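What follows is a short report on a single structure.
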Amino acid sequence: MIKAIAGTKDILPENIRLWKHLESLVEKEMVLFNFKEIRTPIFEETALFSHGIGEATDIVSKEMYTFTDRSGTSVSLKPEMTASVVRAFIEHELNKKANFYKLFYISPMFRQERPQAGRLRQFHQFGAEAIGSNDPIVDAEIIIIANNILKNLGLKNFEIKINSLGIPTSREKYKEELRKYLGDKLDSLSEDSKKRFKTNILRIFDSKNETDRKIMAGAPTILDYLDDESREHFENVKQLLSESNVPVTVDHKLVRGLDYYTNTTFEIISKSVGAQSALCGGGRYNLLIEQLGGKPVPATGFAAGIERILLACENEKSINLKDEELDIYLVRLDKDKKDKVFAIANFLRKNGLITELDYLLRSVKAQMREANRLNSKYVLMIGGDEFLRNAAVLKNMQSGEQEEVILDNLDGIVKRIESVK
Ligand code: AMP
């Protein structure tokens, strides 16, 4: 038997409601902040991601699903969305239509990582990108949106970490200091970190290796190397968040894996999901748009992992959805009333009632059982003596009350059920 590829998951009907619930909360929040939805293709030219995210990042160097298509072009399934949104922004010259754009998305992403709880090869993110402003208010709002969505999902057990990576010149100065600090400790670092020392030194902060962590605990902090403007920007963002009652923890070790960040970076960590604890990450990327061929436009954004968030919701039992319900189940008392039942169902559905009927020629008892299993609010029993009088029995499944209704007056049934909805 052929099974789904490791690291991919079917989302079955019983789970779809949770997904839709989350998606509707995301959309609601984005609308409140006047973000507009954008959808981009599942795959792009590989060069977009290697230029945009950075050759030395784990995503580009190890995790992308890359293949050559029949015309010889190297394409990759999107591993994240920022590069795609920026590509679309430049390609469609959105900067000419408005000076400031606020965009959001909900989309599958693809990374060939080792699958484990909370880590998939096809996963889903929602996220936002605000393009065109360097105002700290935008940094703060991006974090507030992410925070609000998690709160609206009922999550409590999470922490927002925030840092500033400054601008490239100050960061280079800091990297120099870091190189000096690590110079005589290189031999003790893990093999991975030795590599990162050459390719992406800041990423050594992400190492899970105990010795690496001990060494990095004594490292100089990037916040001491910020230029004045970046420092003021960072202070402003923190101030705005504090005024908005969004608690954040400053973590100078939060470097994030991608090359394109400048100034603010943040991550939301959950204590409810085990090792893969990052629910959301983001920050400011003032250089990316120019780097990808656009005008120099400042921007900021975030991406959040839907599977991990839903795992946190499950572990915190934070969502209680009402059971699914039907408005009405049509029980066929006699076999020869099939066509009549079908016609009544058509009418009721046209008039907005969620209507179900029996397709398996089941006994009356089995049909009643099915109506119960489906949480039907009403049952209409069609056939028997009542049918000879052009009537049927309508049963309220909650109260057990029954009444006779005239089949010529299906409108009356609709009104009755609508009135208790
Ligand atoms: P990143 O762009 O790597 O910061 O990812 C943003 C968010 O997407 C993370 O905080 C996770 O919640 C989620 N995420 C990233 N990679 C995966 C993955 N392989 N499986 C599931 N969720 C992921």
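Position one of the sequence shown corresponds to residue -9 (this note's numbering), numbered consecutively onward. Every residue, glycine too, gets a C-beta built ideally from N, C-alpha and C. For clarity, every value in this text was computed on a predicted model and none was experimentally measured.
Problem set entry | Short Cβ contact (7 Å threshold) for Arg322 with Ile372 | yes
Exercise. For Glu315, which option in Ala361, Lys204, Ala107 has the closest C-alpha, if you only look at C-alpha atoms?
Worked result: Ala361
Exercise. Would Leu351 be called buried (16 or more neighbouring beta carbons within 10 Å of its own) or exposed?
Worked result: exposed
For this session: Please report the residue range of the beta strand (DSSP E) in which Leu192 lies.
Result: First-last for Leu192: undefined, no H or E at that position.
For this session: Confirm the yes/no value for this check: CB of Leu8, any heavy atom of ligand 1, distance under 6 Å.
Result: no
Problem set entry | Residue(s) in a DSSP beta bridge with Ser97 | Gln115
For this session: Quick one: using the 10 Å Cβ neighbour count with 16 as the cut-off for buried, is Gly271 buried or exposed?
Result: buried
Exercise. Can you tell me whether DSSP reads Gly42 as helix, strand or coil?
Worked result: helix
Exercise. Between which two residues does the alpha helix (DSSP H) harbouring Met358 extend?
Worked result: 354 to 363
Exercise. What residue range is occupied by the uninterrupted beta strand (DSSP E) comprising Tyr368?
Worked result: 366 to 372
Exercise. Using 8 Å as the threshold, is the region 94 to 103 in touch with the region 116 to 133, meaning 3 or more CB pairs across them?
Worked result: yes
For this session: Using DSSP bridges, identify the partner residues of Ser154.
Result: Thr254
Exercise. From which residue to which residue does the alpha helix (DSSP H) around Gly402 run?
Worked result: 400 to 410
Exercise. What first and last residue would you give for the beta strand (DSSP E) that runs through Glu346?
Worked result: 345 to 347
For this session: Keeping to the same chain, check which residues put their C-beta closer than 6 Å to that of Tyr164; ignore five residues upstream and five downstream.
Result: Ile212, Tyr215
For this session: Kindly identify the DSSP beta-bridge partner or partners of Arg109.
Result: Gln106
Exercise. Which full runs of the beta strand (DSSP E) of 3+ residues lie inside the region 17 to 99, going along the chain?
Worked result: 33 to 35, 56 to 58, 64 to 67
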